[in-house]
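The sequence shown begins at 1 in UniProt numbering and counts up one residue at a time.
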Amino acid sequence: MTNFSPFDTRGYPTVDVRTGYAGWVDSYEDTVQDAMDTDVLARLAVPRWADAATAADLGCGTGRTGAWLRARGVGAVDGVDLTPEMLARARTRGAHRTLVEGDLAATGLPGGGYDLAACSLVDEHLADLAPLYREAHRLVRPGGLFVLVGLHPAFIMAAGMPTHYDGPTGPIAITTHIHLVSDHLTAGLAAGWQLAEMREEVVGDQWTALKPKWERHRGHPVSAAYVWRKP
1 MTNFSPFDTR GYPTVDVRTG YAGWVDSYED TVQDAMDTDV LARLAVPRWA DAATAADLGC
61 GTGRTGAWLR ARGVGAVDGV DLTPEMLARA RTRGAHRTLV EGDLAATGLP GGGYDLAACS
121 LVDEHLADLA PLYREAHRLV RPGGLFVLVG LHPAFIMAAG MPTHYDGPTG PIAITTHIHL
181 VSDHLTAGLA AGWQLAEMRE EVVGDQWTAL KPKWERHRGH PVSAAYVWRK P
């Protein structure tokens, strides 16, 4: 992990993950762009989503990823999240078989019970990646996949921008950590995963159409996705 503080150009007041996502829940769906995660997932070549009878949605939030997985033929999705308010929103969406409030390092879900584990836009909130990779490995059956997508560390560093939302009196940051690509590789390999695919997306026309001010970031990596297979 690399300390985010030297790169922070915003200086927003910062809150912990549970507090932040509870405050963000009402506007989350309006501010998180598909280009950041689900569009990246759609471009991956290795996962055959419809082959997964069961999936664990780690850090399921409002249920965006779970709904995306179900729309692509995943049979049943169990979600875990730290924030009760996010889980309540996911329940109204109805994409998950079960929803559990819990820590991603120890979800309580059955070991070896899933064809797929997925984790979207979560890793920047974790001080240590190793527990997540170990827990995903415990959950997935042999031959199954763990797919993780998040903001690229190079983008967080270049933009100097933490994960944040508009609070009642101005922007509020949620605790943000920087994990280099090598941090992911180290944690994944140490947990027993085999890397099957990796994809990095850069800021291009799609992003500048959504956020014209990001023209100055054109060509910079913005998202990274990893597909791991359990031997």
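In this text, a Cβ means the ideal position worked out from N, Cα and C, and glycines have one as well.
Helix, strand or coil for residue i? Go by DSSP, reduced to three states.
i           : result
Ser27       : coil
Val80       : strand
Asp166      : strand
Leu195      : strand
residue 244 : In the structure displayed, the chain extends from 1 to 231; residue 244 sits before or after that span and is not available.
Leu87       : helix
Gly66       : helix
Thr14       : strand
Provide the residue span of the alpha helix (DSSP H) that contains residue i, from first to last.
i      : result
Ile172 : Careful: Ile172 lies outside any alpha helix (DSSP H), inside the beta strand (DSSP E) at Gly170 to Ile174.
Trp207 : Asp205 to Leu210
Glu135 : Ala130 to Leu139
Trp49  : Note, Trp49: premise wrong, no alpha helix (DSSP H); not H, not E.
Asp183 : Val181 to Ala190
Ala95  : Neither: Ala95 is in no alpha helix (DSSP H) and is coded neither H nor E.
Val40  : Thr38 to Ala42
How about residue i and residue j: do their beta carbons lie closer than 8 Å?
i           : j      : result
Arg18       : Thr62  : no
residue 233 : Val77  : No information on residue 233 is available, as it lies outside the stretch 1 to 231 that the chain covers here.
Leu104      : Val227 : no
Ala56       : Tyr114 : yes
His217      : Ala159 : yes
Tyr165      : Thr9   : no
His137      : Lys230 : yes
Leu185      : Leu195 : yes
Met1        : Ala106 : no
Select from the options the residue whose C-alpha is nearest the C-alpha of residue i.
i      : options                           : result
Leu58  : Gly204, Thr175, Glu215 and Leu132 : Leu132
Met161 : Leu148, Val147, Ile178 and Pro168 : Ile178
Gly192 : Ala22, Tyr21, Arg141 and Ser5     : Arg141
Ser223 : His184, Phe155, Leu126 and Asp128 : Phe155
Thr14  : Thr176, Asp30 and Phe146          : Thr176
Gly102 : Gly112, Ala117 and Val80          : Val80
First and last residue of the beta strand (DSSP E) that includes residue i?
i      : result
Arg229 : Pro221 to Arg229
Thr2   : Neither: Thr2 is in no beta strand (DSSP E) and is coded neither H nor E.
Leu126 : First-last for Leu126: undefined, no H or E at that position.
Ala118 : Tyr114 to Ser120
Just checking, does the segment 32-50 make contact with the segment 107-125 on the three C-beta pairs under 8 Å criterion?
yes
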